[in-house]
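A.B. asks: Residue numbers (our numbering): 1 to 644.
Glycine is no exception: its CB is placed at the ideal position from the N, C-alpha and C atoms.
1. Tell me residue 266's beta-bridge partners as DSSP assigns them.
2. Do you know whose CA, among 546, 601, 538 and 577, lies nearest residue 474's CA?
3. Classify residue 315: buried if its beta carbon has 16 or more other beta carbons within 10 angstroms, exposed otherwise.
4. To the nearest angstrom, how far is the alpha carbon of residue 494 from that of residue 306?
5. Please name the residue, chosen from 595, 594, 568 and 505, that lies closest to residue 582 on a Cα-to-Cα basis.
6. Would residue 12 and residue 254 qualify as a contact pair, given that the criterion is a beta-carbon distance under 9 Å?
7. Figure out for me which residue from 416, 308, 480 and 449 has the closest Cα to the Cα of residue 692.
8. If you draw a straight line from the alpha carbon of residue 141 to that of residue 101, how long is it in whole angstroms?
9. Can you find the residues in the same chain that come closer than 6 Å, C-beta to C-beta, to residue 257, ignoring five residues on each side of it along the sequence?
10. Are the Cβ atoms of residue 456 and residue 589 separated by less than 9 Å?
11. Excluding the five sequence neighbours on either side, which residues of its own chain have a C-beta within less than 7 Å of the C-beta of residue 355, listed in chain order?
12. Are the beta-carbon atoms belonging to residue 8 and residue 43 less than 9 Å from one another?
13. Would you decide whether residue 575 is buried or exposed? Buried here means 16 or more other CB atoms lie within 10 Å of its CB.
14. Taking all protein chains shown into account, do 16 or more other C-beta atoms lie within 10 angstroms of the C-beta of residue 170, making it buried, or fewer, making it exposed?
15. Which runs of the beta strand (DSSP E) spanning at least 3 residues fall entirely within the stretch 289 to 333, listed in chain order?
16. So what does DSSP say about residue 411, is it helix, strand or coil?
17. Check residue 642 in the structure and name its three-state DSSP category.
18. Output the residue ranges of the alpha helix (DSSP H) runs that lie fully inside the stretch 552 to 623 and measure 4 residues or longer, sorted by chain position.
19. Residues in its own chain within less than 6 Å of residue 23 by CB, not counting five upstream and five downstream?
20. Say whether the stretch 397 to 414 touches the stretch 542 to 555, bearing in mind that this needs 3 or more beta-carbon pairs closer than 8 Å, one atom from each stretch.
21. Could you compute how far the alpha carbon of residue 462 sits from the alpha carbon of residue 487?
22. Name the DSSP bridge partner or partners of residue 198?
23. Considering only heavy atoms of the ligand COA, does any lie closer than 8 Å to the CB of residue 143?
24. Tell me whether residue 310 is buried or exposed, calling it buried when 16 or more other Cβ atoms sit within 10 Å of its Cβ.
25. Could you work out which residue in 17, 430, 251 and 366 is closest to residue 57 when comparing CA atoms only?
26. Below 7 Å CB to CB, which residues in the same chain sit around residue 599 once its five sequence neighbours on both sides are set aside?
27. Does the stretch 22 to 38 come within contact of the stretch 180 to 187, defined as at least 3 CB pairs closer than 8 Å?
28. In its own chain, which residues sit with a C-beta less than 6 Å from the C-beta of residue 454, not counting the 5 before and 5 after it?
29. Rounded to a whole number of angstroms, what is the C-alpha to C-alpha distance between residue 160 and residue 194?
30. Quick one: what does DSSP say residue 158 is sitting in, helix, strand or coil?
31. Mind checking whether residue 505 and residue 402 have CB atoms under 9 Å apart?
32. Expressed to the nearest angstrom, what Euclidean distance is found between the alpha-carbon atoms of residue 73 and residue 606?
33. At what residue ranges does the stretch 350 to 385 contain a whole run of the beta strand (DSSP E), taking only runs of 3 or more?
34. Run through DSSP, which three-state label would residue 446 get?
35. Can you give me the C-alpha to C-alpha distance between residue 88 and residue 604, rounded to a whole angstrom?
36. Beta carbon of residue 540, beta carbon of residue 591: below 9 Å?
Put into structure tokens, the structure is as follows:
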């Protein structure tokens, strides 16, 4: 539970219809199994103590009494167990029969959540035996104890008050206004559902989308436990289709037609962070729901869920291709509008033969196609200087020609030497002045060519460089429209590959593949034996690590020790712990110290959920201190869990 990870379970036990004793044993076995896996919440199906398909047997006193006795037997079984249990049971109150999800913890029945919406259509006839739950919860006398009874009861963890859980039952989530909406609006961050949803053709797809959608709408975790084999097959078959979702993502899904228990870890701190940022998700000030405390130990959660190495890049190939096409379109549409609005006569792109400028040129070409403009109005400028290699120079020239753009070459070495003389800089001193003078000279050339041709300079820098501040202020940092401003480096590579795979021009394809094989470099230091001497990732660290850090820090607000922990588990086959720590510390220092560059960014289109525009997603003071973040990381135990 430390760092917000709550291990949850959705269990479908073997049952026998109306065999309460057998079902109780199997439920207890499921609880024991969940405890052994360190789950803190386990959810069982609707009416599973008796079986959902008992029909008119629910009117029999013998079954109801046995179910109530079994409920307390199961509660007693939890007395020495560190877990919150939700189990379906029929309960008679004041002469009415209710379909209930009982919450059990540390030997006690904490509350009885009633089903609000009873299906009475198709194969369902619940209103024949059951009464809809009351509109609001109240306390009732139950086996000598006063406990909450009704809908939308909130169960709140003692010692971890952010963990608030609420239950609903099957049809409730299929209704137009599920009870979980109010629960979430009063603070529930995990919703559980005790369900008995039968299988018909295609229903599993709808069910999955429904649970995904509800978790997304509520910015919550959702644990859905469904009835399975053992229910009566007189008319229906139940598949045990269990689901664990988090804010629209399926974390775990059971194999249908097989009784099983599934586990995953819901990150409630991530969900709470999302809620804080979402101004349309309002936690109600006027609260009326009953809150009940439960107790579970706060300890490190062993993770079974995986975190992608490249969170900005879909792992599925077809989804990745779809994403690349959509991003290209967004970038090109943004540029198209700007070119048309400014009545530009040209677009000027500094082309180096590297990934970023290649992507910018490809986007510019697409925007011109959308406008129906002659691509000869695209002026691709190559500006060789001290660090330029023949490989990148040739690639820049070839791709410009193949795309039908106009190629200009401006040798800037002499202009930079004159500048060195003007400011008294020794050309043999290959310091940051040596490097940045070249970058600023290139930007001056581009700006002046744009003035000369009544055009605009298209920025090439990507979001990963902006996050690290790996750009020369008023050099490559500046443009008139930055098409790559919200595209991370790991995604830039896939966009260029997508373009290479899609083109029918074999010459262009060859050039693009060679660009993909070229080391990332600003090429500001002299080559060694004709090869690139300055490799960016040797200097600031691997971009796949930095993009991982960027995603989880900006998108979800994770603390550094949590990011470190996830990186250790995700990149264990690629980097050792010292390397991961070193570059995380670098990322934090640079992210804070280089905000001043992001505070004055040119316009550029947002393409994903993470962006650093000072006018939109990321508004940060340029003089903010990194100390608290570095301290939090330093005080962790290097296994990703902060010391108590």
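C.D. replies: With the given structure in hand:
1. Here the question's residue 266 lines up with position 266 in the chain shown. Residue 266 is bridged to 6.
2. The sequence position of residue 474 within the chain shown is 474, counting from 1. Residue 601 is the option with its Cα nearest to residue 474.
3. The sequence position of residue 315 within the chain shown is 315, counting from 1. Exposed, since its Cβ has fewer than 16 Cβ neighbours within 10 Å.
4. Translated into the one-based positions of the chain shown, residue 494 becomes position 494. Translated into the one-based positions of the chain shown, residue 306 becomes position 306. Looking at the two C-alpha atoms, the distance is approximately 22 Å.
5. For the purposes of this step, residue 582 is identified with residue 582 of the chain shown, where counting begins at 1. The shortest C-alpha separation from residue 582 is found at 568.
6. Numbered from 1 along the chain shown, position 12 holds the residue referred to as residue 12. Numbered from 1 along the chain shown, position 254 holds the residue referred to as residue 254. Contact: yes.
7. In the structure displayed, the chain extends from 1 to 644; residue 692 sits before or after that span and is not available.
8. As a working note, residue 141 is residue 141 in the chain shown. As a working note, residue 101 is residue 101 in the chain shown. When rounded, the distance between both Cα atoms is 17 Å.
9. Here residue 257 is taken as the residue at index 257 of the chain shown, counted from 1. Result list for residue 257: 239, in chain order.
10. The residue you call residue 456 lines up with position 456 of the chain shown. The residue you call residue 589 lines up with position 589 of the chain shown. It is not a contact, given that the beta carbons lie outside the stated cut-off.
11. Taking the chain shown and counting its residues from 1, the one referred to as residue 355 is at position 355. Taken in chain order, the residues that qualify are 492, 493, 496, 515 and 520.
12. As a first step, residue 8 must be located in the chain shown, where it is residue number 8. As a first step, residue 43 must be located in the chain shown, where it is residue number 43. Contact flag set, yes.
13. One-based indexing of the chain shown puts residue 575 at position 575. With 16 or more other Cβ atoms within 10 Å, it is buried.
14. Start at 1 with the first residue of the chain shown, and residue 170 comes out as number 170. Buried.
15. 291 to 294
16. Taking the chain shown and counting its residues from 1, one reaches residue 411 at position 411. Correct three-state label for residue 411: coil.
17. One-based indexing of the chain shown puts residue 642 at position 642. Summary for residue 642: the model assigns pLDDT 40, below 50, so the residue's position carries little reliability, and this model does not support an answer.
18. 560 to 570, 577 to 593 and 595 to 598
19. The residue labelled residue 23 in the question sits at position 23 within the chain shown. Correct list, in chain order: 15 and 49.
20. no
21. Residue 462 sits at position 462 when you count from the first residue of the chain shown. Residue 487 sits at position 487 when you count from the first residue of the chain shown. About 6 Å.
22. For this step, residue 198 is matched to residue 198 along the chain shown. Beta-bridge pairing links residue 198 to 238.
23. Among the components of this structure there are no ligands whatsoever, and the ligand COA is therefore not found.
24. Along the chain shown, read from residue 1 onward, the residue named residue 310 stands at position 310. Counting Cβ neighbours within 10 Å, residue 310 comes out buried, since at least 16 surround it.
25. What you label residue 57 is simply residue 57 of the chain shown in a count that begins at 1. Comparing Cα-Cα distances from residue 57 to each of 17, 430, 251 and 366, the minimum goes to 17.
26. As a first step, residue 599 must be located in the chain shown, where it is residue number 599. The residues are 614 and 622.
27. no
28. Taking the first residue of the chain shown as 1, we reach residue 454 at position 454. Closer than 6 Å at the Cβ level, and outside the excluded window around residue 454, lie 345.
29. Looking up residue 160 in the chain shown gives position 160. Looking up residue 194 in the chain shown gives position 194. Cα to Cα, the separation comes out at about 24 Å.
30. The residue given as residue 158 occupies position 158 in the chain shown. Looking at residue 158 - three-state DSSP - the assignment turns out to be coil, as it is neither helix nor strand.
31. Counting from 1 along the chain shown, the entry for residue 505 is found at position 505. Counting from 1 along the chain shown, the entry for residue 402 is found at position 402. Yes, the Cβ-Cβ distance between residue 505 and residue 402 is below 9 Å.
32. Sequence index remark: in the chain shown, residue 73 carries index 73 (1-based). Sequence index remark: in the chain shown, residue 606 carries index 606 (1-based). Spanning the two alpha carbons is a distance of roughly 56 Å.
33. 378 to 382
34. Locating residue 446 in the chain shown gives position 446, where the first residue counts as 1. Helix.
35. Along the chain shown, read from residue 1 onward, the residue named residue 88 stands at position 88. Along the chain shown, read from residue 1 onward, the residue named residue 604 stands at position 604. Spanning the two alpha carbons is a distance of roughly 53 Å.
36. Position 540 of the chain shown, counting from 1, holds the residue named residue 540. Position 591 of the chain shown, counting from 1, holds the residue named residue 591. No.
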